[in-house]
Amino acid sequence: MTDLDSSILLALLVAADEPVSGDRLAKELGVSRVAIWSRLERLRAAGFTFAASTRKGYRLKGVPRALHPALLDAHLRRLKVTARVDLLATVDSTNSEAERRLAVGQEAPFAVLAQAQTAGRGRLGRRWHSGKTGNLYLSLAFRPFIGPERLKPFTLWMGLALCAHLEAAVGVKLGLKWPNDLLAADGRKVAGMLTEARLDADSVRELVFGVGLNITGAPKDFPAELRAIAGSLERAAGVRLDPNRVAAETIAALFDAWEAFAEDQWRREFKTRWARYDTLTGKSVRIGLRGSPLAGVVDGIDDEGSLILRTGGRRRQVVASGEVTLRKP
Ligand code: BTN
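Quick note on numbering: the sequence shown equals residues 2 to 330 in our numbering.
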C-alpha cells in the first residue's frame, strides 16, 4: 500500500513550504483523517519528519537518506514520468534484471533500480561495487528497432545528457571521461555507465542502459581499493542531497535523452555538450583494450563517438572502444 503514502507525499511535495491540512489530504485522497494520521506515523518511523501544527496542517521537513519506494514514486509522479519504474531492495544486477524482464515481454521503456546489487557489473567484465549506502543502481530498458550502426554514440550521448542534467539540477559540473566515466573536478569517479544490447543483423532488438551513480556514499562506504578514486555527487556539490529526488529527476532526464536519441534529435546538442563536458581532448593518453596499447594525444571524437588519437608522426588513429589512462605530461 505505498499508493496512499505516495499520494500524501506528492501533495506535500507540491505544496512545498505551505502546510497541508489533514482534512484536505483526507478529502482529496478519499480516506479518513485517521488513515492519513496513521500513514504519517508510519512514514515518521521510516525516517520522514513532518512539521505539524494543529491549525494549519503538515509540511514535509525531512526525508530518509535511502531510496524509499513511496517518495521515489511521488517524485516520479511530480515529474510526470509515465514509464514503469520499479525499485527493488536487492538484485544481482539491475542490467540483468532489465534483460530478464525484456526477455519475458515486459512493456518497454521501463526502469529498474535497486538499493543494492549482489553481482553489479562494470565494463570489461569488471565487478561494480554495489553496497547499500548512497548509490543509485539504475537500468533503463528499451526496444528500439533502430539500425545497430545508430547505437555507436548512444552511451556517450546518455553520459553527456546526464552531465547536463546534473549541472542544471544539482549545480555540479561533472566531466565525461570517454567512453563511460563521469568524474568530479577532483578526478574522482562519480558515475559509470554500461550499455548492453541484443542485436540482429538489421536492428537493435533490446537495449539496456545501466548507470551506477554515487549520490551520497562517503569514501568510507567503499572498499579500501576504491576509497581514493570514488567520489560522490554530494561531495562534489558540497550540499546535502535527497537521493529520492536525485534518482527520480535522473530517471526523467535519461528517458528524455533517450527520446531525443530515438527521434534523431540529439546531434546539435551532442556537439555543444561534448565541448562542455569532455575531459580528454588535448590530453596525452594511453588506450588499452585488446592487442597492444596505443599512446597519443586526444583530438576529439568523430561523428560516431569514436575517439581520435594523434599518435607519433601525427598519425591519426580512430578508436571505437577502450580503457583510457592519462599519461604524465
Ligand atoms: C563502469 O564504469 O565500469 C560501468 C559501471 C556500471 C554500473 C551500473 S550499476 C547499474 C547497472 N547494473 C549493473 O550491473 N551495472 C550497471
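Note that the Cβ used here is the ideal one computed from N, Cα and C, for glycine as well. Quick caveat: nothing in here was measured; it's all calculated off a predicted structure.
Name the DSSP beta bridge partners of residue i, please?
{"i": "residue 245", "result": "Answer by DSSP bridge pairing: none, since residue 245 is not bridged."}
{"i": "residue 127", "result": "None, per the DSSP bridge assignment."}
{"i": "residue 91", "result": "117"}
{"i": "residue 287", "result": "296 and 326"}
{"i": "residue 140", "result": "113 and 211"}
{"i": "residue 312", "result": "316"}
{"i": "residue 21", "result": "59"}
{"i": "residue 177", "result": "183 and 279"}
{"i": "residue 1", "result": "With the chain covering only 2 through 330, there is no way to say anything about residue 1."}
Within the same chain, show all residues whose beta-carbon is closer than 7 Å to that of residue i, passing over the 5 residues directly before and after it, in chain order.
{"i": "residue 328", "result": "285, 286, 287 and 296"}
{"i": "residue 323", "result": "288, 289 and 290"}
{"i": "residue 99", "result": "113, 140, 142 and 209"}
{"i": "residue 84", "result": "110, 111, 112 and 256"}
{"i": "residue 62", "result": "50, 51 and 52"}
To the nearest angstrom, report how far apart residue i and residue j are at their CA atoms.
{"i": "residue 36", "j": "residue 239", "result": "39 Å"}
{"i": "residue 120", "j": "residue 309", "result": "34 Å"}
{"i": "residue 92", "j": "residue 184", "result": "26 Å"}
{"i": "residue 209", "j": "residue 225", "result": "30 Å"}
{"i": "residue 201", "j": "residue 153", "result": "15 Å"}
{"i": "residue 196", "j": "residue 174", "result": "23 Å"}
{"i": "residue 160", "j": "residue 181", "result": "7 Å"}
{"i": "residue 269", "j": "residue 302", "result": "14 Å"}
{"i": "residue 117", "j": "residue 281", "result": "32 Å"}
{"i": "residue 223", "j": "residue 176", "result": "21 Å"}
{"i": "residue 220", "j": "residue 56", "result": "45 Å"}
{"i": "residue 58", "j": "residue 81", "result": "26 Å"}
{"i": "residue 259", "j": "residue 22", "result": "39 Å"}
Using the three-state DSSP reduction, which class does residue i fall into: helix, strand or coil?
{"i": "residue 215", "result": "strand"}
{"i": "residue 2", "result": "Confidence in residue 2 is poor, its pLDDT being 48 and thus under 50, which makes the residue's placement unreliable; the coordinate value appears in the next sentence. Residue 2: coil per DSSP, three-state reduction."}
{"i": "residue 122", "result": "strand"}
{"i": "residue 302", "result": "strand"}
{"i": "residue 98", "result": "helix"}
{"i": "residue 82", "result": "coil"}
{"i": "residue 50", "result": "strand"}
{"i": "residue 201", "result": "coil"}
{"i": "residue 257", "result": "helix"}
{"i": "residue 68", "result": "coil"}
Could you check if residue i is buried or exposed, using at least 16 other CB atoms within 10 Å of its CB as the buried criterion?
{"i": "residue 2", "result": "Residue placement at residue 2 cannot be trusted, given a pLDDT of 48 that sits under 50; what the coordinates show is reported in the next sentence. Per the 10 Å Cβ criterion, exposed."}
{"i": "residue 178", "result": "buried"}
{"i": "residue 105", "result": "exposed"}
{"i": "residue 193", "result": "buried"}
{"i": "residue 294", "result": "exposed"}
{"i": "residue 257", "result": "exposed"}
{"i": "residue 279", "result": "buried"}
{"i": "residue 207", "result": "buried"}
{"i": "residue 9", "result": "buried"}
{"i": "residue 230", "result": "exposed"}
{"i": "residue 319", "result": "exposed"}
Go through its chain and collect everything with a Cβ distance to residue i's Cβ below 6 Å, but skip five positions before and after it.
{"i": "residue 255", "result": "141"}
{"i": "residue 147", "result": "205"}
{"i": "residue 326", "result": "287"}
{"i": "residue 137", "result": "214, 216 and 248"}
{"i": "residue 188", "result": "none"}
{"i": "residue 243", "result": "64"}
Excluding sequence positions up to five away, which residues of its chain have a Cβ less than 8 Å from the Cβ of residue i?
{"i": "residue 79", "result": "11, 14, 15 and 249"}
{"i": "residue 317", "result": "300, 309, 310 and 311"}
Consider the Cβ of residue i: report whether some Cβ of chain B lies at a distance smaller than 7 Å.
{"i": "residue 272", "result": "The structure shown has no chain B; it contains just one protein chain."}
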